[in-house]
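Laid out in structure tokens, this is it:
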């Protein structure tokens, strides 16, 4: 079941790099930016990760934690994170629990074949664990700035 806007996230647990365990409770009191991407070390995903990396200090200053999510395993994530010097953790959703929960697994056509893939999407979760915004099927260009603007306006609302 996909979480609804302005509703609390259902219970779920997922493992991330750095020994971090993602649960809605683990990040209670913090704004969370959960961005789903198709695959480590691919051009669009690398660009998106670098843009989140380059604006990471701004997200932290605005009180947000950034977490990337894909179906890649922990070994792949660790290499990707290290190669790009990412200052945030990556969730290894190898069983697609988070992907299905957020409804980001889509049928795609790749080289003429139907494949299941992740639709590039971002979700903004407020400090009380409520889904406040979602961006689906996004284009990488300009997206990180748009998410940062939403995080900042959420911070103003909470103040």
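Residue numbers (this note's numbering): 513 to 671. We treat Cβ as the ideally placed atom computed from N, Cα and C, and that holds for glycine.
- Residues 565 and 568 of the same chain have their beta carbon placed closer than 7 Å to that of residue 599, with the five preceding and five following residues left out of the count.
- Beta-bridge analysis with DSSP links residue 553 to no other residue.
- When DSSP assignments are scanned along the stretch 531-588, the uninterrupted stretches of beta strand (DSSP E) that are 3 or more residues long and fall wholly within it turn out to be 543-548 and 576-582.
- With a cutoff of 8 Å on beta-carbon distance, residue 633 and residue 539 are scored as not near each other.
- Going by DSSP, residue 665 is part of no beta strand (DSSP E) but of the alpha helix (DSSP H) stretching over 655-670.
- Looking from the CA of residue 561, the closest CA among 652, 637 and 668 belongs to 652.
- Around the C-beta of residue 612, fewer than 16 other C-beta atoms lie within 10 Å, and the residue is accordingly described as exposed.
- Beta-bridge annotation (DSSP): residue 652 is not paired with any residue.
- At a cut-off of 4 residues, the continuous stretches assigned as alpha helix (DSSP H) that sit fully inside the stretch 581-642 are 586-596 and 609-613.
- Judged by beta-carbon spacing, residue 543 lies beyond the 8 Å limit of residue 643, meaning their Cβ atoms are not closer than that value.
- The alpha carbon of residue 597 has as its nearest neighbour, out of 661, 615, 559 and 522, the alpha carbon of 559.
- The alpha-carbon separation between residue 656 and residue 563 amounts to approximately 7 Å.
- In this structure, residue 528 lies away from residue 610, with their beta-carbon atoms at least 8 Å apart.
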